[in-house]
Structures are given as C-alpha cells and as structure tokens.
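Residue numbers (our numbering): 1176 to 1918.
Data block below; observations after.
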Ligand code: ADP
Ligand code: ZN
Ligand code: ZN
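Given below as structure tokens:
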C-alpha cells in the first residue's frame, strides 16, 4: 500500500477558523466523497455534521492521527461548486469559521444531518456516461446490470420504489447497494425530480398579468436591466418613494423568466411588507417561493429544494436567502439596499447586499440594488463608475412628493411629546378626511423612570441602561437584555414621587387618544405586533380607512402604501443627531426620507413635519432643503476626510466577559498582533458604548485601514493570537468586518 491515502477536508461547525481533516469511513467507495456532501464526523467527544469541501492527497498531519468519517449523509452534493466557492470566499472575507459559514448555506433542517428528503423524493437516472456503455461488466455485478437495464429502458428518472417494482429478487438494501456502486462508477446520477435533469426554468407561457404601462424612466430602467442579461452588471435603481421601483423589478424578472432563468429577490423583512409579496405572487403565481427565518423548517426546506431544482422561478427572501441554491440564476434584486437588516449581527456577520454583489459577479448575471435612499457605500461605487445608476425621479402615479418642514419646538408648549403646531396640523388633515402618521423610533411608554425628589433612576441591574416604562403592562423592561420587573409606585430609594422622562410610542398613543377621541388609532411597533397576523390586521385597518391615525416605530418606514395618508409627523429627529456612531446621521436621513415617503402617495398632497430642538443642524438643513442626494454628498465628504467607510475599511473585534479585565487582556494581545501589520491603525481596546450588557463587561478594538488587504492581514494576526490564548475560552469574542453598528 504505497498509495497516498485519500484525506477529506471538512467544514465542521465550530468556533474555530479552520477546516478539519478526516479519513474515509472504512469500506466506503472513494467515489461517494464528492465535495458538497454532508458527512457525520466524530468531533471531540461528540459527533457533528459537516460539509466536505475538498479531497486532498496527503494531509497536513500524519494520516495515522486522523479519525475516520462515520457516515456519508448524501448520495449527491447538496451544495454545488459555485456555492462552495461562495462559502470559501465569505469565510475568508469575513474571517468567519468555515464550518459556521457552510452551515448557514443549508436550510436549518439539513444542518443537523436529517435525511435531505424522504427516500421517495430521490430519483435515479443514467448519466451520459452510463448511457454510453453497453452494460455493466463482470459476473459479480449482476445486480448493477439489472438496475442499469431498467434505467436504460425508462424515459424518466425512477424512484427507489419504482425501481423495486420493476426488478425481481431485489430488496431495498440490495437496491441501495447497487445504486451506490453505479453512482460511484459515475453511470447513475441521483436527482430530486423525475424530469431528466434541470435545464433552466420553463417560461410560464407569457401569461403574466401585465401591470400598468411603464413611464419613460421605468422603461429605460427595464431596458437597461434586460439588455444586461448574460453578464455581470451591477445597477443602482435610485427611485424616490412610490416611483415604481417594484414595477421595474417585476418587468425585469418577467424578462429573466422568459429567458428560462430564475430571479432572486432580497427584501429587508418579509413580515413588514406583505403587499410586496402579494404583488409578486399576483404576477408570477405559484412559481414564487419564500425563504426566511420566520418559516417553519419544513416549508423552508421545500422552498430551498424548489429553488435548487428550478421548480421555483422567483425566490423572495430575507438576508439569508442570498445563499439560496439556484438551478438557473439570471438576476438578483436587492430591494431597499440601504436597510441595516441586511447585515447579520451575530455569528457569521455577513452583509447580504455585499454578498449579493459578489455572487452576481461569480455567476455572471446582473444585480440591481434599489432604494430611495442609497447607502453611502453604493453611492460611492456609482461615483467611481463601477455601478450604473438608473433613476426614477418622479412618483409613478403622478402624485407629487410631500412638502417637508422642520418644526422648531424650542420653548413651544408640548403635550406627551407633541407640539401644539403638530397637533393642530394633524387636526386639519383629519378633518379634511386624510390620515395621519406619527413616527417615533422608541417603543414603550417612556425611556426612563426618574424620582422627582432624589433623582433615582430605574436602571437595569445587568446592563448600563435605563429601563423602559411599559405602562399598560405595569412593568419596567430592559430593551437590551429583556430583564423585567414590576413598575414601582414610589421611589424605592426615598419614597418620593416618580416621573416619566421622555416619550415612547405607547405614550404618544395615549396622548393622541386624549386629543382625538373621535378618531381610531392604530399603533405599530414590536409590542403591538407580537401575535401572528397582528401586523397585517393593523396595516389593513389603516389601508382600508377604518383607522385614521397611525403611530409607530421604524416598522412604518418600510414600503407601505397608504393612499390617504396626507400628514407624517416625526416626533423626535434629535435622537439621531447626537449619536457616537458615525453612521447615525446616514441612518436618520434614510429613516426620515422613507417615513416621509408614506405621505401623499394618493390623490391628497402630502406634508411632513419634523419636530426638533436643533433646526439649524447642518445635516438636517441640507436634507430638508436640498434632498437626500445633496445630504449624502455632504456626508461622503466628511467620511472621506475622516478615512471612514466607504473610504477605508473597518473591522471591530468585540470581547465580553463577566470580568472586564479578561476581555481587555485578550483584546490587548490582539491589538499587539494587529499592530504588526503595516498600514493599519489599531484603536483600543476601549469599553463598548454600552459597557455592560446582560451582566457582561464589553470591550472593543477597532481596526482601520485605507486598504482591505492590510486590514485582513492584521485580522489574521489577531485571530491567530486570540485562538492560541488560554483566555479565549473564558471570553466571548467576535470579529466584525465592515461593521454597521459600532456598539
Ligand atoms: P416603489 O417600489 O418605488 O415604492 P411601486 O412600484 O410600489 O413604487 O409603485 C408605487 C405605486 O405606483 C404603486 O401603487 C404602483 O402600482 C403604481 N405604479 C407603478 N408604476 C406605475 C406606472 N407606470 N403607471 C401607473 N402607476 C404605477
Ligand atoms: Zn427618590
Ligand atoms: Zn438589561
């Protein structure tokens, strides 16, 4: 036995940033180990399910020290070569453990090693090679020969049950053995549909319900997208709110489907946009599937399979759907590309928009990023000429954009957070038959509870944070760790009288009920929409005109269409102006423009009133007087001066532990290692903006570089040191490349 043994390189879910080598299971055919199949492997004292990523001749370690695979879980690769490559790239780019990345590429029900489908869902057919041979040679291969003959006569792929009924003297194990041997020879392939292979997606037959006639700007955009087919081409579709971006996606997708290809559509949060999904389903019918984490595992697996086999033409999903398998990819759409929910904030911290761009390039297909308020990252790419901008400057229905006005509320009489001017405008709109929306990005009754006598404040025992008053529930809640306690009646320190500081949506609703008893009010925030279906009911109540007043958080900033909404009141613009996070003003502007975009979409002209204590704030002023593009240009200049993204790259190393000194020590080691890379500035470790959360002390280290290569180099140094450090076991740590939140 002088041959070098076959070594299997496996991505096993674990926090370690490495792949693991195994030997094949004893007495298995080497042919069954095709990259992309799942393997059950021994790991430490337990066992785990990993994905085979490569076969190597000769390991880095002595093969006699390697353990053997326990079982091969799939007959055919679950992940195709492009997806494996996507996973490799993402693991390297985000410095994420490859096992966690590849687990993320699978639907949850396949991560734990469950059979990917009932046996009846697997079908077998001869491969081209198997069809080319005259039969299976050898006297010992009689069973294989019998199976080969049945398959050669069949005109479609056959399931195991179908095969058993056509074969004599076979039991199920014998059939499985024969099939496995034939597959190892490469003569039989397994598929999940009885049709002979997936060859693109069939056009539904031109039967799409057509939709409105496009205006010239829309036509031009659709034309550009359709003619870009067949190669990588990134676009920004920048269209004001209500300009008909969705209609552009629908037409471009119809073209994609007509060419026998699939479209992948990413949206920030499916639950928040039931209207959007309904429009896709109305247009494309049953060929639309959804993929998001709110789905039951079984349904999600079914969507995943249909996408993979080409039985679905349009895949609509949230962030994680960017990894959906596609039989015949033709177009990727990222709707509301600026939305922060595209960034995963734990574990494998990828950004779905950025992954979508990479994937489109890999697959050689167009990708369109749509937004009324594009991210600065995307605007910079447009400026550099690497993305093409398609503009929809006007509302599609002919409605004009709302008039936006800043309300200086300094020294004005206020009631429950509402100034007299805002209240009187709301009254005028309501009496004229319009609807009014009040936006405040803070749920609960009040963000703090204070003692009027001694200054005591209700704070969370586990976090550096005030507890939020939830008056209807008579509870105090920490919005950072979920801790709760009853609302005290008097100050626990001195017995003095307690008062609420600041306002949340619950308080605004209360105040509005007092002011407008004759109008129906709906509140939409995380607290009022926990029950399944509650969000849809409340949205419908507003859309149908039953409710006249809507109060809510950023959940209202998403693409809802309320035709009679004529006034939007922004209760507090100041929150976003004073944050330590350099992205806060960008986020604030996006929220303001998006929520303003809910006004005046129908026949009534829209008006937006923004309450602030800083009407002269330069960014707010630019936004209101010159619009989002001017605002974004101003912000880009500031970012360039500071070397902040999209100029220069950032990474954040976070560490938290019961003992802050431990977290700090670990980051100190990392800082030394990172500083060895030239061209990288290392800031910290410093306490996180919220230095304690859920009972843990939190520290962070910021790495900043003009170029990505040195940044990655520095991170690799830092990771090597952290992984080798004995402290790492007692500290919860993570790497965040291109962080969007700085806490
Ligand atoms: P966006 O996605 O930019 O917010 P939508 O595609 O939702 O815009 O369009 C906003 C409204 O305008 C919808 O009610 C839509 O049906 C309508 N609309 C879109 N395109 C046209 C068009 N070409 N002519 C008339 N109405 C249109
Ligand atoms: Zn007190
Ligand atoms: Zn807390």
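Cβ coordinates follow ideal geometry from the N, Cα and C atoms, glycine included.
Keep in mind the model is a prediction, meaning the values are calculated, not measured.
Closer than 8 Å to a non-hydrogen atom of ligand 3 - does that hold for the CB of residue 1645? Locating residue 1645 in the chain shown gives position 470, counting from the first residue. Within the chosen limit of 8 Å, ligand 3 does not reach the beta carbon of residue 1645 with any heavy atom.
Enumerated in chain order, which unbroken segments of the beta strand (DSSP E) with a length of 3 residues or greater are wholly contained in the segment 1717-1761? 1724-1727, 1740-1745
Quick check on the contact list: which residues have their beta carbon closer than 5 Å to a heavy atom of ligand 3? With the cut-off at 5 Å, the residues found are 1635, 1637, 1638, 1653, 1655, 1656, 1658.
When DSSP builds the beta bridges, which residues end up paired with residue 1862? Along the chain shown, one-based indexing puts residue 1862 at 687. Partner(s): 1874.
Cβ of residue 1764 within 9 Å of Cβ of residue 1798? Along the chain shown, read from residue 1 onward, the residue named residue 1764 stands at position 589. Along the chain shown, read from residue 1 onward, the residue named residue 1798 stands at position 623. In this structure, residue 1798 lies closer than 9 Å to residue 1764 by Cβ.
For residue 1517, which of helix, strand or coil comes out of DSSP? Here residue 1517 is taken as the residue at index 342 of the chain shown, counted from 1. In the structure shown, residue 1517 sits in a helix (DSSP, three-state: H, G or I).
Range covered by the beta strand (DSSP E) that runs through residue 1699: Taking the chain shown and counting its residues from 1, the one referred to as residue 1699 is at position 524. Secondary structure note for residue 1699: its beta strand (DSSP E) is the uninterrupted segment 1696-1699.
Could you check where the beta strand (DSSP E) with residue 1509 kicks off and where it finishes? Position 334 of the chain shown, counted from the first residue, corresponds to residue 1509. Taken as a continuous stretch (DSSP letters only), the beta strand (DSSP E) holding residue 1509 covers 1504-1510.
Regarding residue 1630 and ligand 2, is the C-beta to nearest heavy atom distance less than 8 Å? One-based indexing of the chain shown puts residue 1630 at position 455. Because some heavy atom of ligand 2 lies under 8 Å away, the Cβ of residue 1630 counts as near it: yes.
If you pair each beta-carbon of the segment 1546-1555 with each one of the segment 1405-1415, do three or more pairs fall below 8 Å? yes
Note down, in chain order, each residue of its chain lying with its Cβ closer than 6 Å to the Cβ of residue 1839, except the 5 sequence neighbours on either side. Stepping through the chain shown from its first residue, residue 1839 is reached at position 664. These residues qualify, in order along the chain: 1860, 1874.
Exposure of residue 1358, with buried meaning 16 or more beta-carbon neighbours within 10 Å: As a working note, residue 1358 is residue 183 in the chain shown. With 16 or more other Cβ atoms within 10 Å, it is buried.
Looking at the strands, I want to know which residues DSSP matches up with residue 1217. Position 42 of the chain shown, counting from 1, holds the residue named residue 1217. Paired residue(s): 1222.
Within the segment 1762-1836, note down every full beta strand (DSSP E) run reaching 3 residues or more, in order along the chain. 1782-1787, 1824-1832
Residues bridged to residue 1610 (per DSSP): For the purposes of this step, residue 1610 is taken as residue 435 along the chain shown, with counting starting at 1. 1740, per the DSSP bridge assignment.
Quick test of your reading: residue 1556 and residue 1562, contact by CB under 8 Å. State the CB separation rounded to the nearest angstrom. As a working note, residue 1556 is residue 381 in the chain shown. As a working note, residue 1562 is residue 387 in the chain shown. The Cβ separation is near 4 Å, so the contact holds.
Assess contact between the segment 1177-1189 and the segment 1223-1232, defined as three or more Cβ pairs (one per stretch) separated by less than 8 Å. Is contact present? Proximity of the segment 1177-1189 to the segment 1223-1232 meets the contact definition, three or more beta-carbon pairs being nearer than 8 Å.
Any non-hydrogen atom of ligand 2 within 8 Å of residue 1802 CB: In the chain shown, counting from the first residue as 1, residue 1802 sits at position 627. No, the beta carbon of residue 1802 sits no closer than 8 Å to any heavy atom of ligand 2.
Which stretch, first to last residue, makes up the beta strand (DSSP E) that contains residue 1184? Locating residue 1184 in the chain shown gives position 9, counting from the first residue. Where residue 1184 is concerned, the enclosing beta strand (DSSP E) stretches over 1181-1186.
In angstroms with no decimal places, state the Cα-to-Cα distance between residue 1401 and residue 1564. As a position in the chain shown, residue 1401 is number 226, starting the count at 1. As a position in the chain shown, residue 1564 is number 389, starting the count at 1. Near 15 Å, if we compare the C-alpha coordinates of residue 1564 and residue 1401.
Taking Cβ positions, are residue 1574 and residue 1781 nearer each other than 9 Å? Locating residue 1574 in the chain shown gives position 399, where the first residue counts as 1. Locating residue 1781 in the chain shown gives position 606, where the first residue counts as 1. Going by C-beta atoms, residue 1574 is nearer than 9 Å to residue 1781.
Is residue 1668 near ligand 2, judged by its Cβ being under 8 Å from some heavy atom? Position 493 of the chain shown, counted from the first residue, corresponds to residue 1668. Residue 1668 Cβ: within cutoff of ligand 2.
Jot down the residue ranges of each uninterrupted beta strand (DSSP E) in the segment 1519-1559, minimum 3 residues, whole runs only, in chain order. Within the segment 1519-1559, the complete beta strand (DSSP E) runs of at least 3 residues are 1541-1546.
For residue 1701, verify whether its CB is less than 8 Å away from any heavy atom of ligand 1. Position 526 of the chain shown holds residue 1701. Checking every heavy atom of ligand 1 against the Cβ of residue 1701, none is found closer than 8 Å.
Going straight from the alpha carbon of residue 1348 to that of residue 1286, what length do you get? Within the chain shown, the letter at position 173 stands for residue 1348. Within the chain shown, the letter at position 111 stands for residue 1286. Cα atoms of residue 1348 and residue 1286: separation of roughly 26 Å, rounded to the nearest angstrom.
With a cut-off of 8 Å on the beta carbons, I'd call residue 1658 and residue 1626 a contact; round off their distance for me. In the chain shown, residue 1658 corresponds to position 483, counting from 1. In the chain shown, residue 1626 corresponds to position 451, counting from 1. With a Cβ gap of about 20 Å, residue 1658 and residue 1626 do not count as contacting.
Go ahead and pull the three-state DSSP assignment for residue 1593. To locate residue 1593, count along the chain shown from 1; it is residue 418. Residue 1593: strand per DSSP, three-state reduction.
heavy atom of ligand 1 below 8 Å from residue 1468 C-beta: Reading the chain shown from its first residue, position 293 is the one you call residue 1468. Flag unset: Cβ of residue 1468 not near ligand 1.
May I ask you to list the residues that DSSP assigns as paired with residue 1583? Position 408 of the chain shown, counted from the first residue, corresponds to residue 1583. Bridge partners of residue 1583: 1787.
Along the alpha helix (DSSP H) that carries residue 1459, what are the first and last residues, could you check? Counted from its first residue, the chain shown places residue 1459 at position 284. 1449-1459 is the extent of the alpha helix (DSSP H) around residue 1459.
For residue 1345, which of helix, strand or coil comes out of DSSP? What you label residue 1345 is simply residue 170 of the chain shown in a count that begins at 1. Look at residue 1345 here: in three-state DSSP terms it is coil, with no helix or strand label.
Coil, strand or helix - residue 1197 by DSSP: Residue mapping note: residue 1197 aligns to position 22 of the chain shown, counting from 1. Three-state DSSP puts residue 1197 in a strand.
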